[in-house]
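A.B. asks: Under the working numbering, read the sequence shown as residues 1285 to 1680, first letter to last.
Idealized CB from N, CA, C, for every residue including glycine.
Provided herewith is a single structure, encoded as structure tokens, for subsequent inquiry.
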Amino acid sequence: MLRLLGLLALMLTLAVPAAAQDALDDPRASTGGAQTLEDILRRQEGIAIDDSFRSDLTGNPDAAASISDQLGTLGGASDPDLWRALRYGSADITTQTRGPAVTTLMQDGGMWWLKFREGPLLSFGVYLLGGTLVLLVLFYLIRGRIRIHGEKTGRTITRFKAFERFGHWLLASSFLVLGVTGLISLFGRKVLIPAFGHETFAFLAVGSKWVHNNVSWAFMVALVIIFVVWVVHNIPDRTDLHWLAKAGGLFGGEHPPAKKFNAGQKLIFWAVIVLGGSISLSGLSLLFPFEMNLFGHTFSTLNSWGIPGWFGAADLPYPLQPQEEMQYAQLWHALVSLILTAIIFAHIYLGSVGMEGAFDAMGKGEVEEQWAREHHSIWADEVLTTTDQTKKGTAT
């Protein structure tokens, strides 16, 4: 008996270290195969984890009940197995409807998009747009309106022709409408529902979506118009460096020489073209869901170049489900639109209350000759020289 007890004690002594080693090799041994604390912490930090312990647990067809036995789980899969298969996109789903997203009944990665949209995105929009307005008000209070320094001549110069002004106002008016309706869609749940209630917000949300979708075409057409008529005047040159070095005289002093568009206007022009083009592209992706996949291929290319690693980040997600493509498109559309809106705030300020005589350029198409000489002296000299030559030729 003593020998038997000694043998059992020896076996237990050898088994405990072996079990401990197995637990170390399998981090989920202590959780019965469920996720560990480390998994939870990594998920909270947005770090990818190996969740195959869950995604692969979708049932075993070999475990299905025999046709001669009592009915068991369907095909060897329990209800939890089925839900996991739906979550990870491995379920065998058939549908009469044809389309790229119809078989995705449950998207595993949708919550990050919802949380980002309702949290950081809204905060970014508030701080960016609110901060821009505050800075413009402070600039006006400190600097005041930029006046015409010299004596006005009473003569005017044609600044923009009718078609140019049509393209500008079509772009401006459509952008304002898109901005208002976009902000309603983005901030409505947080702002309008508490203020006016669900029914009023529902009416505004549906109407805003319809207006936003249809006015977007006017914005895209206007974007093409202003690019065609003004791109030749917005090519950077060495005079822009001198203008930027003196900040355009916005903070005092004389205005540096400039052609038809100064460096500041060129920056706004290219911001509108590049950012507006990106907004239009992502908007088309949203107007025609699942037809234009903009991000999956881009992420794959960036990963192959190793670009995320330059910043110490993990590879970008790839491949993307159809719904994920739409989520990235919506976030990109909103972020770029907010940035462009902040830029347009500054443009509106300088083109209205911020600078004397500036609004006449787009309002009437004619500007005071002294204003032209002070703000766009190179362009003014060219126009006046051409006008004088034309008059002399007519007189001759």
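Apply the 10 Å Cβ neighbour rule to residue 1521 and answer buried if 16 or more other Cβ atoms are within range, or exposed otherwise.
C.D. replies: Exposed, since its Cβ has fewer than 16 Cβ neighbours within 10 Å.
A.B. asks: Under DSSP, the beta strand (DSSP E) around residue 1651 begins and ends at which residues?
C.D. replies: It spans 1650 to 1652 - the beta strand (DSSP E) in which residue 1651 sits, taken as one unbroken run.
A.B. asks: Can you tell me where the beta strand (DSSP E) with residue 1441 in it begins and where it stops?
C.D. replies: Run containing residue 1441: 1440 to 1442, per the beta strand (DSSP E) assignment.
A.B. asks: Note down, in chain order, each residue of its chain lying with its Cβ closer than 6 Å to the Cβ of residue 1500, except the 5 sequence neighbours on either side.
C.D. replies: Here the set comprises 1567.
A.B. asks: Give the secondary structure of residue 1377 by DSSP, where H, G and I count as helix, E and B as strand, and everything else as coil.
C.D. replies: Residue state, collapsed to three classes: coil.
A.B. asks: Give the list of continuous alpha helix (DSSP H) stretches no shorter than 4 residues that lie fully inside the region 1517 to 1544.
C.D. replies: Counting whole runs of 4 or more residues, the region 1517 to 1544 contains the alpha helix (DSSP H) stretches 1522 to 1529.
A.B. asks: Do residue 1502 and residue 1458 have their CB atoms nearer than 7 Å?
C.D. replies: Their beta carbons are under 7 Å apart, which means residue 1502 touches residue 1458 by this criterion.
A.B. asks: Whole-angstrom Cβ separation of residue 1412 and residue 1633, contact assumed at under 8 Å?
C.D. replies: Actually they do not touch by this definition, with Cβ atoms about 16 Å apart.
A.B. asks: Rounded to whole angstroms, what's the CA-CA distance from residue 1573 to residue 1480? Just pull it up for me.
C.D. replies: Rounded to whole angstroms, residue 1573 to residue 1480 spans 31 Å at the Cα level.
A.B. asks: Ends of the alpha helix (DSSP H) at residue 1478?
C.D. replies: Taken as a continuous stretch (DSSP letters only), the alpha helix (DSSP H) holding residue 1478 covers 1446 to 1480.
A.B. asks: So residue 1443 and residue 1645 are in contact, right, with Cβ under 8 Å, and what is the actual spacing, rounded?
C.D. replies: Sure, about 4 Å apart at Cβ, within 8 Å.
A.B. asks: Which residues does DSSP list as the beta-bridge partners of residue 1430?
C.D. replies: Per DSSP, 1639.
A.B. asks: Taking 8 Å as the threshold, find out whether the region 1365 to 1379 comes into contact with the region 1558 to 1566 through three or more Cβ pairs.
C.D. replies: These segments do not touch.
A.B. asks: Using the Cα positions of residue 1665 and residue 1440, report the straight-line distance between them to the nearest angstrom.
C.D. replies: Those two C-alpha atoms are separated by around 13 Å.
A.B. asks: Candidates 1600, 1611 and 1571: which alpha carbon is nearest residue 1585's?
C.D. replies: Of the candidates 1600, 1611 and 1571, the one whose C-alpha sits nearest the C-alpha of residue 1585 is 1600.
A.B. asks: At the level of alpha carbons, what is the spacing between residue 1455 and residue 1617?
C.D. replies: So the alpha carbons of these two residues sit roughly 17 Å apart.
A.B. asks: Can you tell me whether residue 1660 is helix, strand or coil according to DSSP?
C.D. replies: Reduced to three states, the DSSP call for residue 1660 is coil.
A.B. asks: Once DSSP output is grouped into helix, strand and coil, what is the label at residue 1368?
C.D. replies: Residue 1368: helix per DSSP, three-state reduction.
A.B. asks: Kindly examine the ligand COA and report whether one of its heavy atoms sits closer than 6 Å to the Cβ of residue 1555.
C.D. replies: Although the ligand COA was asked about, the structure shown includes no ligands whatsoever.
A.B. asks: For the alpha helix (DSSP H) containing residue 1550, name the first residue and the last one.
C.D. replies: 1547 to 1571 is the span of the alpha helix (DSSP H), which, as asked, contains residue 1550.
A.B. asks: For the alpha helix (DSSP H) holding residue 1633, just list the boundary residues, first then last.
C.D. replies: Its alpha helix (DSSP H) spans residues 1606 to 1634.
A.B. asks: Could you check which residue in 1582, 1508, 1473 and 1527 has the C-alpha nearest to that of residue 1402?
C.D. replies: Selected option, being the one with the closest Cα: 1473.
A.B. asks: Sort 1559, 1532, 1598 and 1408 by Cα distance to residue 1548 and report the nearest one.
C.D. replies: Closest by alpha carbon: 1532.
A.B. asks: Identify, in the order they occur along the chain, each residue of the same chain with its Cβ nearer than 7 Å to the Cβ of residue 1342, setting aside the five sequence neighbours on each side.
C.D. replies: Excluding residues within five positions, the ones whose Cβ falls inside 7 Å are 1361, 1365, 1368, 1369 and 1374.
A.B. asks: Please state whether the Cβ-Cβ distance between residue 1432 and residue 1655 is less than 7 Å.
C.D. replies: Cβ distance < 7 Å, so residue 1432 and residue 1655 count as in contact.
A.B. asks: Please classify residue 1436: is it buried, with 16 or more other beta-carbons within 10 angstroms of its beta-carbon, or exposed?
C.D. replies: Residue 1436 should be labelled exposed.
A.B. asks: Run the CB neighbour count on residue 1527, radius 10 Å, all protein chains shown included, and call it buried at 16 or more, exposed below.
C.D. replies: Residue 1527 comes out buried.
A.B. asks: Does the separation of the CB atoms of residue 1609 and residue 1587 fall below 7 Å?
C.D. replies: No, these two residues do not count as a Cβ contact at 7 Å.
A.B. asks: Does the beta-carbon of residue 1380 have 16 or more other beta-carbons within 10 angstroms, so that it is buried, or is it exposed?
C.D. replies: Per the 10 Å Cβ criterion, exposed.
A.B. asks: Would you kindly work out how many angstroms separate the C-alpha atoms of residue 1518 and residue 1553, rounded to a whole number?
C.D. replies: Their Cα atoms are separated by approximately 7 Å.
A.B. asks: For residue 1415, which of helix, strand or coil comes out of DSSP?
C.D. replies: Residue state, collapsed to three classes: helix.
A.B. asks: Which of the three DSSP states, helix, strand or coil, is assigned to residue 1328?
C.D. replies: Three-state result, residue 1328: helix.
A.B. asks: For the candidate residues 1660, 1649 and 1668, whose alpha-carbon lies nearest to that of residue 1451?
C.D. replies: The candidate whose alpha carbon is nearest that of residue 1451 is 1649.
A.B. asks: Taking the alpha helix (DSSP H) that residue 1587 falls in, what are its first and last residues?
C.D. replies: Run containing residue 1587: 1580 to 1589, per the alpha helix (DSSP H) assignment.
A.B. asks: Tell me whether residue 1386 sits in a helix, a strand or coil according to DSSP, three-state version.
C.D. replies: Three-state result, residue 1386: coil.
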